Amino acid sequence: MAMSLSNAEELLFRQIHPSGLNAGCPCSSCFMPSKSDNGQLSVDRSSITTAEGAHERYTRAGRRSAAVFGLSVAEFLACGIPCFEDPTHDHPTLPDNPAHALADFSAHGLSSRRMVAKELKRLAITRGRLFGVS
Amino acid sequence: MAYALPDRLMPSKPIPPCVPPAHPGEAQETPSLPSWAAVEDRLAELAALPADWNDDGAPPISAIALRVTRQLLLARPPLVGLGDLFPSPDGGVLMEYIRGTWDLTVEVGVDGTLEIFGFEIGGTGKLYPKPYPVMDAEFVRALDAAGGPAWR
Numbered sequence: 084m085a086m087s088l089s090n091a092e093e094l095l096f097r098q099i100h101p102s103g104l105n106a107g108c109p110c111s112s113c114f115m116p117s118k119s120d121n122g123q124l125s126v127d128r129s130s131i132t133t134a135e136g137a138h139e140r141y142t143r144a145g146r147r148s149a150a151v152f153g154l155s156v157a158e159f160l161a162c163g164i165p166c167f168e169d170p171t172h173d174h175p176t177l178p179d180n181p182a183h184a185l186a187d188f189s190a191h192g193l194s195s196r197r198m199v200a201k202e203l204k205r206l207a208i209t210r211g212r213l214f215g216v217s
Numbered sequence: 012m013a014y015a016l017p018d019r020l021m022p023s024k025p026i027p028p029c030v031p032p033a034h035p036g037e038a039q040e041t042p043s044l045p046s047w048a049a050v051e052d053r054l055a056e057l058a059a060l061p062a063d064w065n066d067d068g069a070p071p072i073s074a075i076a077l078r079v080t081r082q083l084l085l086a087r088p089p090l091v092g093l094g095d096l097f098p099s100p101d102g103g104v105l106m107e108y109i110r111g112t113w114d115l116t117v118e119v120g121v122d123g124t125l126e127i128f129g130f131e132i133g134g135t136g137k138l139y140p141k142p143y144p145v146m147d148a149e150f151v152r153a154l155d156a157a158g159g160p161a162w163r
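Protein chains in written order, with the numbering used here: chain X, 84 to 217; chain B, 12 to 163.
Below you can see the structure in the form of structure tokens.
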């Protein structure tokens, strides 16, 4: 069973696809799991990697990211989103990533997810971009 | 791309409801605001997105969603200066903006349906998503009320 993240101050990095960035600001949909995510939003743990390191690992696997924003475990929890460690190793489709974690939206319906995503986006913008491609 | 307008270009009072063209098919006039070209550029960018634009299987943005978004911005020009337009993973358009103390989203669905939702920044107010089948007077009233009372 996955261990929940207990350090409320730990930052969790979220990769922002170029299509989700406009004038440097991310769209709220970047902070909500997609249909293929099974209600789990992928993030990377700051206790194990840096924003730049997370971006490098992410894009090295062939995926696109224009920026990295971050939210704390406490901020996720305040929005009703618990977070769990989810390191990947020898996964058939995912690159090895000891920093990988999941923010669990499964207790929320679609309407609630969209509201939560907006609040997460606002918090992430307040913190500011943590890494970006110029 | 940002669409920020100088404050002096912002209407000082609520805008009357959008008047439809006198004849079906008649082109609506576009606002003579300097940033309208930026809106058209952004809508063109969204229209040009191919299938799988988000690397996660998203469909292209639907022509209906783009048309309704344009109609919405024509109906309420202050939104041009407030909002950012994003593609929705469902093939619609998301308009995200701050009005007053509210952080709001209008989502135009792939079929042209609309929803408005958001929350009060630093407060407890929440506006939960409510679907509107078309951009009618009821939707515009909800749009005007969200973060209101007056467009500035």
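Heads up, the beta-carbon is just placed ideally off N, CA and C, and yes, glycines get one too. As the structure is a prediction and not an experimental result, all values here were calculated from the model.
What separation, rounded to the nearest whole angstrom, lies between the Cα atoms of residue i and residue j?
{"i": "E131 of chain B", "j": "D173 of chain X", "result": "44 Å"}
{"i": "E107 of chain B", "j": "A85 of chain X", "result": "35 Å"}
{"i": "G133 of chain B", "j": "P175 of chain X", "result": "43 Å"}
{"i": "L77 of chain B", "j": "S89 of chain X", "result": "44 Å"}
{"i": "F97 of chain B", "j": "P109 of chain X", "result": "9 Å"}
{"i": "W64 of chain B", "j": "S102 of chain X", "result": "7 Å"}
{"i": "A106 of chain X", "j": "R205 of chain X", "result": "15 Å"}
{"i": "L104 of chain X", "j": "R128 of chain X", "result": "22 Å"}
{"i": "E135 of chain X", "j": "R196 of chain X", "result": "27 Å"}
{"i": "A69 of chain B", "j": "G102 of chain B", "result": "7 Å"}
{"i": "G123 of chain B", "j": "P71 of chain B", "result": "14 Å"}
{"i": "E93 of chain X", "j": "G136 of chain B", "result": "28 Å"}
{"i": "G111 of chain B", "j": "D120 of chain X", "result": "34 Å"}
Identify the contact partners of residue i in chain X, using a Cβ-Cβ distance below 7 Å as the criterion.
{"i": "P140 of chain B", "result": "S194 and R197"}
{"i": "D67 of chain B", "result": "S117 and S119"}
{"i": "W64 of chain B", "result": "S102"}
I'd like to know whether the C-beta of residue i is nearer than 9 Å to at least one C-beta of chain B.
{"i": "S102 of chain X", "result": "yes"}
{"i": "S119 of chain X", "result": "yes"}
{"i": "R128 of chain X", "result": "no"}
{"i": "R140 of chain X", "result": "no"}
{"i": "R205 of chain X", "result": "yes"}
{"i": "R143 of chain X", "result": "no"}
{"i": "R146 of chain X", "result": "yes"}
By Cβ distance below 7 Å, which residues in the same chain neighbour residue i in space, the five residues on each side in sequence not counted?
{"i": "P116 of chain X", "result": "G122, Q123, L124 and F188"}
{"i": "P181 of chain X", "result": "I131 and P170"}
Cβ closer than 9 Å: which chain X residues qualify as neighbours of residue i?
{"i": "S99 of chain B", "result": "C110 and S112"}
Kindly list, in the order they appear in chain B, the residues whose Cβ is closer than 7 Å to that of residue i.
{"i": "E202 of chain X", "result": "F130"}
Note down, in chain order, each residue of its chain lying with its Cβ closer than 6 Å to the Cβ of residue i, except the 5 sequence neighbours on either side.
{"i": "A91 of chain X", "result": "V156 and A157"}
{"i": "T80 of chain B", "result": "V104 and V119"}
{"i": "H138 of chain X", "result": "S148, V151 and F214"}
Taking 9 Å as the CB-CB cut-off, is residue i touching chain X?
{"i": "T116 of chain B", "result": "yes"}
{"i": "M21 of chain B", "result": "Residue placement at M21 of chain B is flagged as unreliable, the pLDDT there being 34, under the threshold of 50; the coordinate-derived value follows with that caveat. It does not: the Cβ of M21 of chain B has no partner Cβ on chain X nearer than 9 Å."}
{"i": "L54 of chain B", "result": "no"}
{"i": "L154 of chain B", "result": "no"}
{"i": "L105 of chain B", "result": "yes"}
{"i": "L60 of chain B", "result": "yes"}
{"i": "P45 of chain B", "result": "In this prediction, P45 of chain B scores a pLDDT of 49, lower than 50, which makes its location untrustworthy; the coordinate-derived value is nonetheless stated afterwards. Chain X, which has no Cβ nearer than 9 Å to the Cβ of P45 of chain B, makes this no."}
So residue i and residue j are in contact, right, with Cβ under 8 Å, and what is the actual spacing, rounded?
{"i": "A200 of chain X", "j": "S112 of chain X", "result": "7 Å"}
{"i": "L115 of chain B", "j": "G159 of chain B", "result": "Their Cβ separation, rounded to whole angstroms, is 11 Å, which puts L115 of chain B and G159 of chain B out of contact at 8 Å."}
{"i": "H100 of chain X", "j": "D66 of chain B", "result": "7 Å"}
{"i": "M198 of chain X", "j": "F150 of chain B", "result": "Contact doesn't hold; Cβ gap of about 19 Å is too wide."}
Which chain X residues sit within Cβ distance under 8 Å of residue i?
{"i": "L84 of chain B", "result": "What L84 of chain B touches in chain X: nothing, since even the nearest Cβ is about 15 Å away."}
Looking at the ligand PLP, does it come within less than 8 Å of residue i, judged from the CB to the closest heavy atom?
{"i": "L160 of chain X", "result": "What this structure holds is no ligand at all, so the ligand PLP is not there to describe."}
Please go through the same chain and pick out, in chain order, the residues whose beta-carbon is closer than 8 Å to the beta-carbon of residue i, but skip the five residues on each side of it.
{"i": "R143 of chain X", "result": "P178"}
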